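>
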Amino acid sequence: MRYNVSQLLKDHIGATRHYSLHEDIADLDPSLKPLTDLNGSVDLIRTNEGILVRADSRTSVELTCSRCLTFFALPVRFKIEEEFHPTVDISTGARLPQPDDPDEATLIDAHHLLDLSEIVRQDLTLALPLVPLCRNDCKGLCPNCGKNWNEGACDCEEQELDPRFAVLKQLLDESD
Ligand SMILES: [Zn+2]
Ligand SMILES: [Zn+2]
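All residue numbers for the sequence shown refer to our numbering, where the first residue is 15 and numbers rise by one.
1) Cβ of Cys168 versus every heavy atom of ligand 1: is any distance shorter than 6 Å?
2) Specify which residues have a beta carbon nearer than 5 Å to any heavy atom of ligand 1, listing them in chain order.
3) Answer yes if the segment 69-79 comes into contact with the segment 37-50, meaning at least three C-beta pairs across the two stretches below 8 Å, and no otherwise.
4) Taking 6 Å as the cut-off, is the CB of Asn158 close to at least one heavy atom of ligand 2?
5) Determine the DSSP secondary structure at Val145, reduced to helix, strand or coil.
6) Can you tell me whether Ile133 is helix, strand or coil according to DSSP?
7) Return the Cβ separation of Thr120 and Phe98 in integer angstroms, given the expectation that the two are a contact with Cβ distance under 8 Å.
8) Sorry if obvious, but does the Cβ on Lys93 come closer than 6 Å to a heavy atom of ligand 2?
9) Among Arg60, Asp51, Pro48 and Val67, which residue has its Cα nearest to the Cα of Leu22?
10) With three or more C-beta pairs closer than 8 Å as the rule, is the segment 15-32 touching the segment 120-139?
11) At a cut-off of 6 Å, is Lys161 close to ligand 2 when judged by its beta-carbon and the heavy atoms of the ligand?
12) For Lys24, which option in Lys47, Asn53 and Gly64 has the closest C-alpha, if you only look at C-alpha atoms?
13) Could you please give the first and the last residue of the uninterrupted beta strand (DSSP E) stretch that includes Ser71?
14) Closest to Pro157 by C-alpha separation, out of Ser45, Asp169 and Leu35, would be which residue?
15) Less than 7 Å separating the beta-carbons of Pro146 and Leu77?
16) Return helix, strand or coil for Ala119, following the three-state DSSP convention.
17) Using only alpha-carbon positions, find the residue among Leu46, Asp43, Gly154 and Gly28 that is nearest to Leu58.
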């Protein structure tokens, strides 16, 4: 995900380059399990300070459900809007002064390469749910026997009947 922006840096403010995005992100982050490439589009826009990146991208990642512990695929779509800053002057090649605490992820290197991968890694990670669920109404696992309740009830249920249902059962029995 590297773009040579030397020509764009010489261009006027507002100049835009449009790219389509098809990237293998299998090795982006050891904690992420992408199931597809990253697809989408990227606009690089010349600003007075650097290059504004606007991207809209989609992929699908494998997650583990926090209730039933099964793997499932989650389609993810996220947008990127981030300004990158050059480290050398495009016309003279001189090093540009940098802030005391520059964000390394948004620096354009001395060869005018803009590398989007760290920002993609950060934004994709932020787009994922903190508590992944295979579906909103996932029933989870029986704490007693471990059976996945999404696949059906287990034999433990009768013995540990919820007290609210016990009242209901009593009423139903009485109406017979
Ligand atoms: Zn689940
Ligand atoms: Zn059970």
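Backbone N, C-alpha and C fix where the C-beta goes; we use that ideal spot for every residue, glycine too. In this text the structure is predicted, and so the values were computed from the model without any measurement.
Taking the definition as stated:
1) Taking the sequence shown and counting its residues from 1, one reaches residue 168 at position 154. Not under cutoff, so the answer is no.
2) Counting every residue whose Cβ lies closer than 5 Å to a heavy atom of ligand 1, we get Cys79, Arg81, Cys82, Cys148 and Cys152.
3) Enough Cβ pairs lie closer than 8 Å, so yes.
4) Locating residue 158 in the sequence shown gives position 144, counting from the first residue. Yes, Cβ of Asn158 sits closer than 6 Å to a heavy atom of ligand 2.
5) The sequence position of residue 145 within the sequence shown is 131, counting from 1. Three-state result, Val145: coil.
6) The sequence position of residue 133 within the sequence shown is 119, counting from 1. Helix.
7) Taking the sequence shown and counting its residues from 1, one reaches residue 120 at position 106. Taking the sequence shown and counting its residues from 1, one reaches residue 98 at position 84. Beta-carbon to beta-carbon, Thr120 and Phe98 are separated by about 5 Å, close enough to satisfy the 8 Å threshold.
8) Within the sequence shown, the letter at position 79 stands for residue 93. Ligand 2 never approaches Lys93 closely enough for any of its heavy atoms to be under 6 Å from the residue's Cβ.
9) Within the sequence shown, residue 22 is the residue found at index 8, counting from 1. Comparing Cα-Cα distances from Leu22 to each of Arg60, Asp51, Pro48 and Val67, the minimum goes to Arg60.
10) Between the segment 120-139 and the segment 15-32 there are three or more C-beta pairs closer than 8 Å, enough to call the two in contact.
11) Within the sequence shown, numbered from 1, the residue matching residue 161 stands at position 147. Set against 6 Å, the gap from the CB of Lys161 to the closest heavy atom of ligand 2 is smaller.
12) In the sequence shown, counting from the first residue as 1, residue 24 sits at position 10. Per the Cα distances, Gly64.
13) Translated into positions along the sequence shown, residue 71 becomes position 57. Membership of Ser71 in the beta strand (DSSP E) is indicated by the continuous run Ile65 to Thr78.
14) Taking the first residue of the sequence shown as position 1, residue 157 is located at position 143. Out of Ser45, Asp169 and Leu35, Asp169 has the C-alpha closest to the C-alpha of Pro157.
15) For the purposes of this step, residue 146 is identified with residue 132 of the sequence shown, where counting begins at 1. For the purposes of this step, residue 77 is identified with residue 63 of the sequence shown, where counting begins at 1. In contact: Pro146 and Leu77 (Cβ atoms closer than 7 Å).
16) By 1-based counting over the sequence shown, the position of residue 119 is 105. The three-state reading of DSSP puts Ala119 in helix, counting H, G and I together.
17) Counted from its first residue, the sequence shown places residue 58 at position 44. Of Leu46, Asp43, Gly154 and Gly28, the residue nearest in Cα terms is Gly28.
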